[in-house]
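Have a look at the structure below, then the notes.
Protein chains: 2
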Amino acid sequence: MLSPYGLDIVESCLTCKMRVERLFCDLPNAALQAFENIKYATAYPKGAVLFVEGQAPRGIFVLCKGKVKLSICASDGKTLILKIAEPGEVLGLSASVSGKAYELTAETIDPCQVNFVKREDFLRFLRDHSEACFKVAEQLSEKYNAACHEVRSLGLSHSAAEKLAKLLLEWCSKNGEAAKQEPRLKIALTHEEIAQMIGTSRETVTRLFADLKKRQIVQSKGSTLIIRNKSALRHLTVS
Amino acid sequence: MLSPYGLDIVESCLTCKMRVERLFCDLPNAALQAFENIKYATAYPKGAVLFVEGQAPRGIFVLCKGKVKLSICASDGKTLILKIAEPGEVLGLSASVSGKAYELTAETIDPCQVNFVKREDFLRFLRDHSEACFKVAEQLSEKYNAACHEVRSLGLSHSAAEKLAKLLLEWCSKNGEAAKQEPRLKIALTHEEIAQMIGTSRETVTRLFADLKKRQIVQSKGSTLIIRNKSALRHLTVS
DNA sequence: CTAGAAACGTGATGTCCGTCACACAGGGTT
DNA sequence: AACCCTGTGTGACGGACATCACGTTTCTAG
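Residue numbers (my numbering), protein chains in the order written: chain A, 4 to 242; chain B, 4 to 242.
Here it is, written out as structure tokens:
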């Protein structure tokens with residue numbers, strides 16, 4: 004079997020083992036078979052662009068493996084990263100449903116396996132399989148929820164420090180590290196990218212980290228960050 | 004027929020004349036009849052709170068008449084208005100679908116007519132009527148789109164002036180005034196509320212309006228605002 | 001192993017805007 | 001009339017942060 008970009012391709016959704024843990028993929032057999040017939044299993048290298056904001060929707064991209072950066076971009080080049088999509092997420096969904104342009108840009112940050120489905124095929128699929136249609140609604144709710152969180156973080160924070168603290172705590176809970184005394188985080192992003200996630204400048208992020216380290220709130224070991232004082236961090240998010 | 008709060012109540016969805024122009028309401032007859040059986044037609048005065056962020060989802064609220072302010076609120080009381088919902092919009096939809104808490108607060112700013120449907124009834128309704136399920140997906144896509152716009156405005160703007168200009172231009176296009184040479188806007192919100200829409204302070208909004216007037220870009224006549232120099236306004240949104 | 005690039009660290013400087021403070025204007029109520 | 005109460009206009013001040021500039025470290029590729 005081919006393995007482009009060092010990926011272990013899952014050939015068929017019918018035999019995919021991670022299916023049950025994924026919001027969209029856990030469909031009844033009939034629907035899954037129909038999906039199997041209209042999907043194109045594809046692979047992308049790191050740095051590939053799945054779609055660009057403003058493009059007319061070509062279809063949906065079910066992310067099977069790897070991570071994808073979702074961002075919006077201003078005319079002057081300033082970029083804001085909305086989220087890093089994980090396997091199981093369906094990308095380009097809302098644009099494909101509504102028919103409006105993609106509202107953001109999707110770019111792989113790992114080698115990725117993706118199931119692509121053309122918009123017309125997908126819409127027909129939804130009409131024929133109401134369970135899938137409900138899954139779509141669930142996915143969209145999830146996305147809307149995430150967007151609301153982003154709005155809250157951007158709009159209601161008083162300082163960049165607050166936003167950074169929120170981001171770090173969020174990362175902790177995503178990795179199941181939240182409960183631990185001293186959570187550890189693998190920082191896969193550059194200061195520049197973190198800045199783009201919280202809507203500030205790279206220099207500010209650098210300075211904020213320096214400050215957190217000086218105050219013994221965090222400590223970095225190579226590319227992992229150790230949260231030494233969780234409550235202090237949480238305190239930053241409320242003030 | 005009763006007319007609480009001075010409203011002209013539309014008793015039944017089956018005979019509602021505005022149905023066709025509304026994204027969610029334009030359903031096949033069977034679905035509409037089923038919806039009719041589970042909905043509660045209700046009316047609210049101005050200032051009523053339909054639901055509060057953080058509450059467990061009780062159900063959905065189909066807005067038939069009036070306007071509803073959708074906002075999120077920080078622990079310190081700072082508020083951000085996400086949008087003003089218009090008739091035809093379904094409120095509390097994503098929370099009811101996903102089962103997570105309402106992500107924002109909905110408060111009427113006019114006397115409103117609302118069709119309420121309990122969550123369990125609504126979910127059963129969606130299972131039985133796949134057309135409705137697709138409408139829900141469309142509504143959610145719409146909401147997601149709006150949220151992305153909000154994120155863009157909050158996260159990628161360089162100044163409060165830019166955000167205000169964007170807001171004014173958006174209002175123009177909503178009222179079909181965008182094409183006119185000198186669009187007119189009925190300003191129904193206070194400076195305070197406008198500030199909450201663009202995430203700034205009331206004083207800043209006052210100063211920005213004063214500046215726009217001094218520069219002859221806008222002009223106010225009572226509660227209507229006349230855009231005298233649309234291109235200058237548009238210029239503020241790009242710089 | 002070395003060159004070049006990419007990422008990070010840090011100072012100096014300016015500015016936008018939040019905050020406080022108070023004055024004023026209009027609309028309702030008693 | 002006198003009174004509130006809400007909304008608006010405006011000055012003074014300071015802090016957070018963007019920007020520019022440049023040095024240093026780490027990574028990557030030839």
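The C-beta atom is built at its ideal place from N, Cα and C for all residues, glycine as well.
H194 (chain A) CB to nearest chain B CB: under 9 angstroms? Not closer than 9 angstroms to any Cβ of chain B, the Cβ of H194 (chain A) fails to qualify, so no.
Just checking: is the beta-carbon of V221 (chain B) within a distance shorter than 9 angstroms of some beta-carbon in chain A? With 9 angstroms as the cut-off, V221 (chain B) does not count as an interface residue toward chain A.
Residue nearest to C19 (chain B) in terms of C-alpha spacing, selected from B:L83, B:P90, B:R187: Among B:L83, B:P90, B:R187, the Cα nearest to that of C19 (chain B) belongs to B:P90.
Can you find a CB in chain A that lies within less than 9 angstroms of the CB of C19 (chain B)? Chain A contact via Cβ: absent.
Is V154 (chain B) helix, strand or coil when you go by DSSP? Helix, per DSSP.
Could you spell out the range, first to last residue, of the beta strand (DSSP E) harbouring K86 (chain B)? Note, K86 (chain B): beta strand (DSSP E), 82-88.
Can you confirm whether A150 (chain A), when its beta carbon is compared against all beta carbons of chain B, has any partner nearer than 9 angstroms? Closer than 9 angstroms to some Cβ of chain B, the Cβ of A150 (chain A) qualifies, so yes.
Could you give the C-beta distance for S156 (chain B) and K166 (chain B), rounded to a whole number, given that I count them as a contact under 8 angstroms? Confirmed, Cβ separation roughly 6 angstroms.
N- and C-terminal bounds of the beta strand (DSSP E) containing E110 (chain B): Annotation for E110 (chain B): the continuous beta strand (DSSP E) segment containing it runs 108-111.
In this structure, how does DSSP classify C136 (chain A) when only helix, strand and coil are distinguished? Three-state DSSP puts C136 (chain A) in a helix.
According to DSSP, is C19 (chain B) part of a helix, a strand, or is it coil? Taken through DSSP and simplified to helix, strand or coil, C19 (chain B) comes out as coil.
Between B:K183, B:L171, B:A181, which has its C-alpha nearest L192 (chain B)'s C-alpha? Put simply, of B:K183, B:L171, B:A181 the residue whose alpha carbon is nearest the alpha carbon of L192 (chain B) is B:L171.
Going by DSSP, what residue range makes up the alpha helix (DSSP H) through T309 (chain A)? Shown here, chain A extends from 4 to 242; a query on residue 309 (chain A) therefore has no answer.
Check each candidate in B:V65, B:S78, B:A150 and name the one with the smallest Cα separation from E56 (chain B). The shortest C-alpha separation from E56 (chain B) is found at B:S78.
Give the range of the beta strand (DSSP E) segment to which L30 (chain A) is assigned. Here L30 (chain A) belongs to no beta strand (DSSP E), and DSSP marks it neither H nor E.
Per DSSP, which one or two residues make a beta bridge with V13 (chain A)? V13 (chain A) is not bridged by DSSP to any residue.
Using a beta-carbon distance below 9 angstroms, is V241 (chain A) in contact with chain B? So yes, V241 (chain A) belongs to the interface.
Does chain B have any CB closer than 9 angstroms to the CB of I41 (chain A)? Among the CB atoms of chain B, none fall inside 9 angstroms of the CB of I41 (chain A).
For L236 (chain A), which of A:V23, A:E185, A:G179, A:N178 has the nearest alpha-carbon? Closest by alpha carbon: A:E185.
Around the C-beta of E106 (chain A), are 16 or more other C-beta atoms found within 10 angstroms, so that it is buried, or is it exposed? That one is buried.
DSSP on V221 (chain A), reduced to helix/strand/coil? Here V221 (chain A) sits in strand by DSSP.
Residue-chain proximity (M4 (chain A), chain B), Cβ-Cβ < 9 angstroms: Summary for M4 (chain A): the model assigns pLDDT 45, below 50, so the residue's position carries little reliability, and this model does not support an answer.
Out of B:N178, B:T203, B:L215, B:L129, point me to the one whose CA is closest to L159 (chain A)'s CA. Measuring from the Cα of L159 (chain A), the nearest candidate turns out to be B:T203.
Please list, in chain order, all residues of the same chain as K138 (chain A) whose beta carbon is under 6 angstroms from its beta carbon, the five residues on each side excluded. Shown here for K138 (chain A): same chain residues with a beta carbon closer than 6 angstroms to its own, the five before and five after excluded, namely F27 in chain order.
Separation of V23 (chain B) from Y13 (chain B), as counted between CA atoms: The sequence as given places Val at residue 13 (chain B); Tyr does not occur at that position. V13 (chain B) and V23 (chain B) have their C-alpha atoms roughly 15 angstroms apart.
In whole angstroms, what is the alpha-carbon distance linking K121 (chain B) and R127 (chain B)? Answer to the nearest angstrom: the Cα atoms are 10 angstroms apart.
Whole-angstrom C-beta distance between V71 (chain A) and I41 (chain A), which should lie under 8 angstroms: Contact doesn't hold; Cβ gap of about 21 angstroms is too wide.
Please state whether DSSP places M148 (chain B) in a helix, a strand or coil. In the sequence as presented, Met is not what sits at residue 148 (chain B); that position holds Asn. Secondary structure at N148 (chain B): helix, using DSSP grouped into helix, strand and coil.
Assumed close pair C151 (chain A), I230 (chain B) - CB separation to whole angstroms, cut-off 8 angstroms: 31 angstroms between Cβ atoms; not a contact.
Can you find a C-beta in chain B that's less than 9 angstroms from the C-beta of I230 (chain A)? I230 (chain A) has a beta carbon lying at 9 angstroms or more from every beta carbon in chain B.
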